[in-house]
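As structure tokens, the structure follows; a few thoughts come after it.
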Amino acid sequence: LLDEIAIRYPNQAITLVMDHARYQHCALVISKAAELGIELLYLPAYTPNLNLIERLWKLVKKRCLTNRHYDNFEKFRAAINDGLRDVNGVAKAELDSLLTLRFQFFGNLKS
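Just so we're aligned: 146 in the numbering used here is position 109 of the sequence shown, and the numbers increase by one with no gaps anywhere.
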């Protein structure tokens with residue numbers, strides 16, 4: 038993936054924002070990114086609201102999983118797929134409100 042990103046964006050500064058998944062911290066990823074001149078920027082631990090995919094997952098869970106039971110895996114998977122397809126339609130306004138980049142800042146706090 039890092040090779041592909043470097044090929045697609047030659048001669049550009051690249052910063053990848055990533056969460057704290059263990060595989061993203063491995064020596065292979067870190068050394069490959071350094072070799073390609075890609076900066077790795079890790080989100081602070083335990084901050085799922087900064088990770089946009091977590092917000093999407095929150096919406097899908099709310100619309101497809103909360104207080105629902107599926108008899109088998111195929112029905113479960115179909116519900117998730119339907120929910121994901123729905124985010125550009127019926128759920129678009131709700132998703133837009135979750136994907137806002139407005140954050141509350143507290144200024145310079147003294148430790």
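Even glycine gets a Cβ: it sits at the ideal position worked out from N, Cα and C.
Are there 16 or more other CB atoms within 10 angstroms of the CB of residue i, so buried, or fewer, so exposed?
i      : result
Gly126 : exposed
Ala130 : exposed
If you measure between the beta carbons of residue i and residue j, is that distance less than 9 Å?
i      : j      : result
Leu135 : Ala116 : no
Ile44  : Ile75  : no
Gly120 : Arg92  : no
Ile42  : Leu73  : yes
With DSSP as the reference, label residue i as helix, strand or coil.
i      : result
Val54  : strand
Tyr107 : coil
Leu78  : strand
Cys63  : coil
Leu38  : coil
Ala128 : coil
Leu48  : The residue you asked about is not Leu; residue 48 is Asn in the sequence shown. The answer is coil: DSSP assigns Asn48 none of H, G, I, E or B.
Asn88  : coil
Cys101 : helix
Leu136 : coil
Spatial neighbours of residue i within its chain, please: CB distance less than 6 Å, with the 5 preceding and 5 following residues excluded, ordered by chain position.
i     : result
Leu77 : Leu53, Ala70
Rounded to whole angstroms, how far is the Cβ of residue i from the Cβ of residue j, which I believe are closer than 8 Å?
i      : j     : result
Ala128 : Leu87 : The pair is not a contact, with the Cβ atoms about 21 Å apart (cut-off 8 Å).
Met55  : Tyr79 : 6 Å
For residue i, collect the residues of the same chain with a Cβ closer than 8 Å to its Cβ; drop the 5 residues on either side in sequence, then sort them by chain order.
i      : result
Gln49  : none
Asn104 : none
Gln61  : Met55, Leu77, Tyr79
Taking 8 Å as the line, does the beta carbon of residue i fall inside it for any heavy atom of the ligand MG?
i     : result
Asn48 : Only the bare structure without any ligand can be found here, which leaves the ligand MG out of the picture.
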